[in-house]
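Trainee: Same order as they appear, the protein sequences are chains A and B.
So the mapping is simple: my numbering equals the position in the first sequence, first residue as 1, plus 24.
So the mapping is simple: my numbering equals the position in the second sequence, first residue as 1, plus 24.
The beta-carbon is built from N, C-alpha and C at its ideal position, and this holds for glycine as well.
Protein chains: 2
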Amino acid sequence: MADHSALPLAVLSEQFAKLPGIGMKSAQRLAYHVMEMSDAEVNAFAKALLDAKKTVHTCPVCQNFTEQQLCRFCSDEKRDHRTVCVVETPKDIAAFERTKEYKGVYHVLHGLISPIDGIKPDMLKIKELLSRVNDGGVDEVIMATNPTVEGEATAMYVSKLLKPFGVKVTRLAFGLPIGGMLEYADEVTLYKALENRNEI
Amino acid sequence: MADHSALPLAVLSEQFAKLPGIGMKSAQRLAYHVMEMSDAEVNAFAKALLDAKKTVHTCPVCQNFTEQQLCRFCSDEKRDHRTVCVVETPKDIAAFERTKEYKGVYHVLHGLISPIDGIKPDMLKIKELLSRVNDGGVDEVIMATNPTVEGEATAMYVSKLLKPFGVKVTRLAFGLPIGGMLEYADEVTLYKALENRNEI
């Protein structure tokens with residue numbers, strides 16, 4: 025339907041298709057769905073987009089998204105502010121919160137070092153982490169980036185920069201996932217599980 | 025994160041989660057993605073939503089979506105206006121257009137009869153189809169709803185209403201999909217293929 029390319033439905037489809045994980049076909053389906061929504065519903069959707077973008081900003085301390093001055097972790101006196109968990113994205117925080125075990129605070133890098141994608145260290149919130157540690161009051165920094173090439177490289181890079189501050193730097197443990205089956209474990213995970221075996 | 029329920033990011037996530045095929049987890053991922061978009065990009069997205077909803081309406085003849093007075097099929101003199109293909113949704117039209125073989129026009133029902141979902145015949149664009157046929161100029165109506173329970177029931181219901189007008193009513197053929205393998209065909213499809221076998 026080439027002659028439709030500049031028309032409102034096509035424009036809306038293209039907007040949906042720009043979102044991660046939404047292909048052109050799903051985008052078209054979503055655009056058609058919007059047509060079936062009421063005016064009030066579409067207005068609410070558009071308003072939610074603009075409101076979120078306008079009021080949500082990054083916390084000046086940990087770089088997590090917030091609409092308050094400080095995010096709810098940095099402003100919570102009951103959290104352990106001496107332990108900082110470094111993650112790639114704000115949504116990784118939700119994963120840690122689901123464990124209900126972690127009581128420290130966070131630092132969001134907003135990406136991983138990836139020369140292949142042109143993402144250099146100065147494009148991440150690394151200097152904010154260093155100045156935070158430099159200001160004192162931090163005992164341990166937990167590097168909680170994903171166990172991928174970029175995640176490992178970023179964890180190594182950041183930990184080297186942190187060492188001079190005399191702070192303890194740790195990395196998440198890797199091994200067999202709980203409930204996983206040995207026969208389905210990939211060789212790298214199994215090697216890590218073997219290497220990091222604990223005495224019982 | 026219950027205490028986040030009325031906050032802008034949560035509101036935006038809920039808006040995404042209302043869209044078909046997007047669960048709460050994907051919705052959250054999309055909301056976070058919006059935070060990484062520029063102001064101009066978010067504004068363009070919100071504008072596309074509002075523009076599409078404002079300018080796109082249903083064609084008074086065939087009920088397809090259009091921003092013109094008549095849709096591009098109904099206003100095209102080169103199409104065969106004596107043959108009307110009846111489909112469930114506007115996106116089904118795109119499937120027929122991809123065949124590049126169908127030269128007739130369309131009629132969109134905007135749904136299928138489904139008592140279980142509370143969708144009654146008078147909620148569909150059936151009376152518009154009847155009045156269109158009643159106005160004359162239509163030789164054949166092709167019932168092109170999906171081969172599902174609801175699609176079959178709707179095709180039967182509509183064809184019964186059309187019979188008194190003396191118009192030819194046809195149904196899409198069902199059988200083995202081209203390129204499909206006999207051993208993977210489900211029994212209903214295979215039965216249909218056998219039942220509707222043609223002499224060669």
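1. Out of Asp-163(B), Phe-120(B), Ala-177(B), which one is the CA nearest neighbour of Ile-225(B)?
2. Check for me: the beta strand (DSSP E) holding Met-167(A) runs from which residue to which?
3. Does any CB atom of chain B fall closer than 8 Å to the CB of Leu-136(A)?
4. Excluding sequence positions up to five away, which residues of its chain have a Cβ less than 7 Å from the Cβ of Phe-89(B)?
5. Which first and last residues belong to the alpha helix (DSSP H) in which Tyr-181(B) is found?
6. With distance defined between alpha-carbon atoms, name the residue in Lys-149(A), Phe-69(A), Cys-86(A) nearest to Ala-76(B).
7. Just list the alpha helix (DSSP H) runs in the segment 89-135 of chain B, keeping only unbroken ones of 4 residues or longer that don't cross its boundaries, in chain order.
8. Looking at the secondary structure, which residues open and close the alpha helix (DSSP H) in which Arg-156(A) lies?
9. Out of curiosity, what's the CA-to-CA distance linking Ala-34(A) and Gly-175(B)?
10. His-131(B) and Cys-86(B) - do their beta-carbons sit closer together than 8 Å?
11. Is there a Cβ of chain B sitting closer than 8 Å to that of Thr-79(A), yes or no?
12. Exposed or buried, what is Leu-31(B) when buried is set at 16 or more other beta-carbons lying within 10 Å of its beta-carbon?
13. If you count every other CB in all the chains shown that lies within 10 Å of the CB of Gln-93(B), and 16 or more means buried, which is it?
14. Applying a beta-carbon distance threshold of less than 9 Å, which residues of chain A neighbour Tyr-56(B)?
15. Looking at the C-beta of Gln-52(A), does it have a partner C-beta in chain B at a distance below 8 Å?
16. In chain order, what residues of the same chain lie with their CB nearer than 8 Å to the CB of Phe-198(A), ignoring the 5 residues before and after it?
17. How many Å lie between Gly-135(B) and Ser-50(A) at the Cα?
18. Can you tell me where the beta strand (DSSP E) holding Asp-80(B) begins and where it ends?
19. Using the Cβ count rule (16 or more neighbours within 10 Å means buried), how would you classify Ile-150(B)?
20. Have a look at Gln-52(B) and Glu-112(A) and give me their C-alpha separation to the nearest angstrom.
21. Taking 8 Å as the CB-CB limit, is Gly-45(A) close to chain B?
22. Around the C-beta of Ser-29(A), are 16 or more other C-beta atoms found within 10 angstroms, so that it is buried, or is it exposed?
23. By DSSP, does Val-193(B) sit in helix, in strand, or in coil?
24. May I have the straight-line CA-CA distance separating Met-205(B) from Glu-211(B), to the nearest angstrom?
25. Considering only DSSP beta bridges, list what Ser-37(A) is partnered with.
26. So which residues on chain B does Leu-73(A) lean against when the C-beta distance must stay under 8 Å?
27. Cβ closer than 9 Å: which chain B residues qualify as neighbours of Pro-32(A)?
28. Do Cys-109(A) and Ala-168(A) have their beta-carbon atoms positioned less than 8 Å apart in this structure?
Mentor: Here's the rundown:
1. The requested residue 225(B) is not part of the displayed model; chain B covers only 25 to 224.
2. Reading the first sequence from its first residue, position 143 is the one you call residue 167(A). Start and end: 164-167.
3. The count along the first sequence starts at 1 and reaches residue 136(A) at position 112. For Leu-136(A), no CB of chain B lies under 8 Å from its own CB, so it is not counted at the interface with that chain.
4. Sequence index remark: in the second sequence, residue 89(B) carries index 65 (1-based). The residues are Val-80, Thr-82, Pro-114.
5. For the purposes of this step, residue 181(B) is identified with residue 157 of the second sequence, where counting begins at 1. That run of the alpha helix (DSSP H) goes 173-186.
6. The sequence position of residue 76(B) within the second sequence is 52, counting from 1. Selected option, being the one with the closest Cα: Phe-69(A).
7. The DSSP assignment places complete alpha helix (DSSP H) segments of no fewer than 4 residues inside the segment 89-135 of chain B at 114-123, in order along the chain.
8. The sequence position of residue 156(A) within the first sequence is 132, counting from 1. Bounds of the alpha helix (DSSP H) holding Arg-156(A) are 150-158.
9. To locate residue 34(A), count along the first sequence from 1; it is residue 10. To locate residue 175(B), count along the second sequence from 1; it is residue 151. C-alpha separation (whole angstroms): 27 Å.
10. To locate residue 86(B), count along the second sequence from 1; it is residue 62. To locate residue 131(B), count along the second sequence from 1; it is residue 107. Result yes, Cβ atoms of Cys-86(B) and His-131(B) sit closer than 8 Å.
11. Here residue 79(A) refers to the residue found at position 55 of the first sequence. Chain B contact via Cβ: present.
12. Looking up residue 31(B) in the second sequence gives position 7. With 16 or more other Cβ atoms within 10 Å, it is buried.
13. As a first step, residue 93(B) must be located in the second sequence, where it is residue number 69. It counts as exposed.
14. Taking the first residue of the second sequence as 1, we reach residue 56(B) at position 32. Ordered by position in chain A, the residues that pass the 9 Å Cβ test against Tyr-56(B) are Phe-89, Thr-113, Pro-114, Lys-115.
15. As a first step, residue 52(A) must be located in the first sequence, where it is residue number 28. At least one C-beta of chain B is nearer than 8 Å to the C-beta of Gln-52(A).
16. The count along the first sequence starts at 1 and reaches residue 198(A) at position 174. Cβ neighbours of Phe-198(A) beyond the five flanking positions: Pro-171, Thr-213, Lys-216, Ala-217, Asn-220.
17. Sequence index remark: in the second sequence, residue 135(B) carries index 111 (1-based). Sequence index remark: in the first sequence, residue 50(A) carries index 26 (1-based). So the alpha carbons of these two residues sit roughly 19 Å apart.
18. For this step, residue 80(B) is matched to residue 56 along the second sequence. It should be noted that the sequence gives Val, not Asp, for residue 80(B). Val-80(B) -> no beta strand (DSSP E), and no H or E assigned at all.
19. Here the question's residue 150(B) lines up with position 126 in the second sequence. By the neighbour-count rule (16 or more Cβ atoms within 10 Å), Ile-150(B) is buried.
20. Here residue 52(B) refers to the residue found at position 28 when the second sequence is read from its first residue. Here residue 112(A) refers to the residue found at position 88 when the first sequence is read from its first residue. Straight-line Cα distance between these residues: approximately 16 Å.
21. Here residue 45(A) is taken as the residue at index 21 of the first sequence, counted from 1. Yes - at least one Cβ of chain B is within 8 Å of the one on Gly-45(A).
22. Residue numbering aside, residue 29(A) sits at position 5 when the first sequence is read from its first letter. Residue confidence is low: Ser-29(A) scores 43 on pLDDT, short of 50, so the model does not pin down where it sits. Its coordinate-derived value is still stated next. With fewer than 16 other Cβ atoms within 10 Å, it is exposed.
23. Numbered from its first residue, the second sequence carries residue 193(B) at position 169. Per DSSP, reduced to three states, the secondary structure at Val-193(B) is strand.
24. Start at 1 with the first residue of the second sequence, and residue 205(B) comes out as number 181. Start at 1 with the first residue of the second sequence, and residue 211(B) comes out as number 187. Going from the Cα of Met-205(B) to the Cα of Glu-211(B) covers about 13 Å.
25. By one-based count along the first sequence, residue 37(A) stands at place 13. Answer by DSSP bridge pairing: none, since Ser-37(A) is not bridged.
26. Translated into positions along the first sequence, residue 73(A) becomes position 49. Within chain B, the residues near Leu-73(A) are Leu-36, Gln-39, Val-58, Val-66, Phe-69, Ala-70, Leu-73.
27. As a working mapping, residue 32(A) is identified with position 8 in the first sequence. In chain order: Ala-72, Asp-75, Ala-76, Lys-77, Lys-78, Thr-79, Val-80, Glu-91.
28. In the first sequence, the residue the question calls residue 168(A) occupies position 144. In the first sequence, the residue the question calls residue 109(A) occupies position 85. Taking 8 Å as the Cβ cut-off, Ala-168(A) and Cys-109(A) qualify as a contacting pair.
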